[in-house]
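Chains as they are written, first to last, in this note's numbering: chain D, 6 to 184; chain F, 47 to 199.
Backbone N, C-alpha and C fix where the C-beta goes; we use that ideal spot for every residue, glycine too.
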Amino acid sequence: MSARSRVLRWAIPLAVVPVLVLLAYGFRTDPRAIPSPLVGKPAAPFTLTAFDGKPISLESLRGRVVVVNFWASWCVPACYDEAPSLERAWQAYRDRSVVLVGINIQDKEEPARRFLDRFGHTFPNAPDPAGRVSVDYGVYGVPETFFIDRTGRVRFKHVGAVTDEILKQQLDKLLAEPA
Amino acid sequence: MTRALPLALLLLAALATPPPLGAAPVNEETVHEIGAQLRCVVCQSLSVADSPSETANQMRGIIRERLAAGDSPEQVKAYFVEKYGLWILLAPPRQGFSLLVWVVPFVGLAVGLVLVLLLVRRWSRHPAGASAAAAPDDAMRARIRREMAEGER
Numbered sequence: 006m007s008a009r010s011r012v013l014r015w016a017i018p019l020a021v022v023p024v025l026v027l028l029a030y031g032f033r034t035d036p037r038a039i040p041s042p043l044v045g046k047p048a049a050p051f052t053l054t055a056f057d058g059k060p061i062s063l064e065s066l067r068g069r070v071v072v073v074n075f076w077a078s079w080c081v082p083a084c085y086d087e088a089p090s091l092e093r094a095w096q097a098y099r100d101r102s103v104v105l106v107g108i109n110i111q112d113k114e115e116p117a118r119r120f121l122d123r124f125g126h127t128f129p130n131a132p133d134p135a136g137r138v139s140v141d142y143g144v145y146g147v148p149e150t151f152f153i154d155r156t157g158r159v160r161f162k163h164v165g166a167v168t169d170e171i172l173k174q175q176l177d178k179l180l181a182e183p184a
Numbered sequence: 047m048t049r050a051l052p053l054a055l056l057l058l059a060a061l062a063t064p065p066p067l068g069a070a071p072v073n074e075e076t077v078h079e080i081g082a083q084l085r086c087v088v089c090q091s092l093s094v095a096d097s098p099s100e101t102a103n104q105m106r107g108i109i110r111e112r113l114a115a116g117d118s119p120e121q122v123k124a125y126f127v128e129k130y131g132l133w134i135l136l137a138p139p140r141q142g143f144s145l146l147v148w149v150v151p152f153v154g155l156a157v158g159l160v161l162v163l164l165l166v167r168r169w170s171r172h173p174a175g176a177s178a179a180a181a182p183d184d185a186m187r188a189r190i191r192r193e194m195a196e197g198e199r
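Listed below in structure tokens is the structure:
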């Protein structure tokens, strides 16, 4: 009896350990966070027609650092929060072989144009009407921002509103790398 | 023969003309089948086949497009996995780490069954020893009778 009760005295608290481990893991991970398998891989090529009618293709930007930002006019407030930062980054880095490309997804043309007018975006922006580019980039929501290095590899993915700090940090890092 | 020739020509012409636009050579059931195995990326726990969202609609379009281009259903799924990771599959694949999800419940069930069997066997080997010891002796019987009589009063 005493041997059995000794075993039980240890077994019951020990049984709690795996449960605690599982809970600790479960509460620390964000169930909505999706790891992107694309970081480190070559960025999917795309050719789109911008809102101003000009073609944009990733191929033609090889050799430059490219920021691809997926957005929608209905994405409140994150897309509205980050919009001024994107334009600021474009103004600050456009002369340093950095290109920003905005890709408007799951949206209608008229509100999208109104969004661009409202923030006075001067970097190229294009709609992705069939959603092909957004699936190629594994986008699941807006906004998402991809940083592509000079060799055309995805180096960083930011989910949610991007900030001046994130843009500066990532761009400076990628610009410091040899071309 | 003279009458069959124009008919044959007509048939040939019919075969040569491409199918009308909109009637894609893609089996919609296959599209549905693939969509049912993929997670709708903007939804909570809905498949691409079941979601009415615009994104899911576009994803169905991409499935259709890839099938029309000659991809097999496996290749279409592999494309989505390449872009979104295994997360996009509603059922984890039966290999690698994900295999655990498929195996552990059955192992647990087997272990539980064995435990229950062992316990049942042990209990049936010592039949109610404790309750036999509690059988009332003469003194107890007398006391019960006395107290019941008091209760009736």
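For residue i, would you say it is in contact with chain F, using Cβ-to-Cβ distances shorter than 8 Å as the test?
{"i": "Gly45 (chain D)", "result": "no"}
{"i": "Arg137 (chain D)", "result": "yes"}
{"i": "Tyr85 (chain D)", "result": "no"}
{"i": "Val140 (chain D)", "result": "yes"}
{"i": "Gln175 (chain D)", "result": "no"}
{"i": "Gln96 (chain D)", "result": "no"}
{"i": "Val31 (chain D)", "result": "According to the sequence as given, residue 31 (chain D) is Gly; it is not Val. No, its Cβ sits nowhere closer than 8 Å to a Cβ of chain F."}
{"i": "Pro23 (chain D)", "result": "no"}
{"i": "Gly143 (chain D)", "result": "yes"}
{"i": "Val42 (chain D)", "result": "The sequence as given places Pro at residue 42 (chain D); Val does not occur at that position. Pro42 (chain D) counts as touching chain F."}
{"i": "Gly165 (chain D)", "result": "no"}
{"i": "Gly157 (chain D)", "result": "no"}
{"i": "Gly146 (chain D)", "result": "yes"}
Assign residue i to buried or exposed, taking buried as 16 or more other Cβ atoms, counted over all protein chains shown, within 10 Å of its Cβ.
{"i": "Tyr30 (chain D)", "result": "exposed"}
{"i": "Ser10 (chain D)", "result": "exposed"}
{"i": "Glu170 (chain D)", "result": "exposed"}
{"i": "Leu91 (chain D)", "result": "buried"}
{"i": "Thr150 (chain D)", "result": "buried"}
{"i": "Ala48 (chain D)", "result": "buried"}
{"i": "Leu67 (chain F)", "result": "Any reading at Leu67 (chain F) needs caution, since the residue's pLDDT is 47, under 50, leaving its predicted position unreliable; the model's value is listed next. Flag for Leu67 (chain F) reads exposed."}
{"i": "Met105 (chain F)", "result": "buried"}
{"i": "Asn73 (chain F)", "result": "exposed"}
{"i": "Gln141 (chain F)", "result": "exposed"}
{"i": "Leu84 (chain F)", "result": "buried"}
{"i": "Ala211 (chain F)", "result": "For chain F, the structure presents residues 47 to 199; residue 211 (chain F) sits outside this window and is missing."}
{"i": "Trp76 (chain D)", "result": "buried"}
{"i": "Ile153 (chain D)", "result": "buried"}
{"i": "Leu27 (chain D)", "result": "exposed"}
{"i": "Lys30 (chain F)", "result": "With chain F represented from 47 up to 199, any question about residue 30 (chain F) goes unanswered, as that position is not in the structure."}
{"i": "Ala69 (chain F)", "result": "Reliability of the predicted coordinates at Ala69 (chain F) is poor, the pLDDT of 46 falling under 50, and no value is obtained from them."}
With hydrogens ignored, establish whether the beta-carbon of residue i is closer than 7 Å to any heavy atom of the ligand NAD.
{"i": "Ala117 (chain D)", "result": "The ligand NAD is not among the ligands present in this structure, which contains no ligands whatsoever."}
Does residue i get closer than 8 Å to chain D when you measure Cβ to Cβ?
{"i": "Ile80 (chain F)", "result": "no"}
{"i": "Val162 (chain F)", "result": "no"}
{"i": "Glu120 (chain F)", "result": "no"}
{"i": "Val16 (chain F)", "result": "The displayed coordinates of chain F run from 47 to 199. Any statement about residue 16 (chain F) would go beyond what the structure contains."}
{"i": "Val149 (chain F)", "result": "no"}
{"i": "Gly68 (chain F)", "result": "Residue confidence is low: Gly68 (chain F) scores 47 on pLDDT, short of 50, so the model does not pin down where it sits. Its coordinate-derived value is still stated next. No, Gly68 (chain F) lies away from the interface with chain D (no Cβ there is under 8 Å from its Cβ)."}
{"i": "Gly197 (chain F)", "result": "no"}
{"i": "Glu74 (chain F)", "result": "no"}
{"i": "Gly116 (chain F)", "result": "no"}
{"i": "Met186 (chain F)", "result": "no"}
{"i": "Gln83 (chain F)", "result": "no"}
{"i": "Gly131 (chain F)", "result": "yes"}
{"i": "Gln141 (chain F)", "result": "no"}
{"i": "Met105 (chain F)", "result": "yes"}
{"i": "Val88 (chain F)", "result": "yes"}
{"i": "Ile190 (chain F)", "result": "no"}
{"i": "Met194 (chain F)", "result": "no"}
Helix, strand or coil, according to DSSP, for residue i in the structure here?
{"i": "Pro116 (chain D)", "result": "helix"}
{"i": "Trp79 (chain D)", "result": "coil"}
{"i": "Pro151 (chain F)", "result": "helix"}
{"i": "Gly68 (chain D)", "result": "coil"}
{"i": "Gly58 (chain D)", "result": "coil"}
{"i": "Arg11 (chain D)", "result": "helix"}
{"i": "Asn130 (chain D)", "result": "strand"}
{"i": "Thr200 (chain F)", "result": "What is shown of chain F runs 47 to 199, which leaves residue 200 (chain F) out entirely."}
{"i": "Gly68 (chain F)", "result": "For Gly68 (chain F), the pLDDT reaches just 47, beneath the cut-off of 50, and the residue's location in the model is therefore unreliable, although a value from the coordinates is still provided. Coil at Gly68 (chain F), not helix or strand."}
{"i": "Pro183 (chain D)", "result": "coil"}
{"i": "Gln121 (chain F)", "result": "helix"}
{"i": "Thr52 (chain D)", "result": "strand"}
{"i": "Gly107 (chain D)", "result": "strand"}
Are the beta-carbon atoms of residue i and residue j separated by less than 8 Å?
{"i": "Phe124 (chain D)", "j": "Trp95 (chain D)", "result": "no"}
{"i": "Tyr145 (chain D)", "j": "Val94 (chain F)", "result": "no"}
{"i": "Val147 (chain D)", "j": "Cys84 (chain D)", "result": "yes"}
{"i": "Ala131 (chain D)", "j": "Leu180 (chain D)", "result": "no"}
{"i": "Ala135 (chain D)", "j": "Ser78 (chain D)", "result": "no"}
{"i": "Ile80 (chain F)", "j": "Ile109 (chain F)", "result": "yes"}
{"i": "Val71 (chain D)", "j": "Val104 (chain D)", "result": "yes"}
{"i": "Asn109 (chain D)", "j": "Asp86 (chain D)", "result": "no"}
{"i": "Leu161 (chain F)", "j": "Ser144 (chain F)", "result": "no"}
{"i": "Pro138 (chain F)", "j": "Val147 (chain F)", "result": "yes"}
{"i": "Phe161 (chain D)", "j": "Val44 (chain D)", "result": "yes"}
{"i": "Leu63 (chain D)", "j": "Pro50 (chain D)", "result": "yes"}
{"i": "His126 (chain D)", "j": "Gly107 (chain D)", "result": "yes"}
{"i": "Arg155 (chain D)", "j": "Arg69 (chain D)", "result": "yes"}
message: I'd like the ranges of any beta strand (DSSP E) spanning at least 3 consecutive residues and lying wholly in the stretch 151-183 of chain D.
response: 159-164
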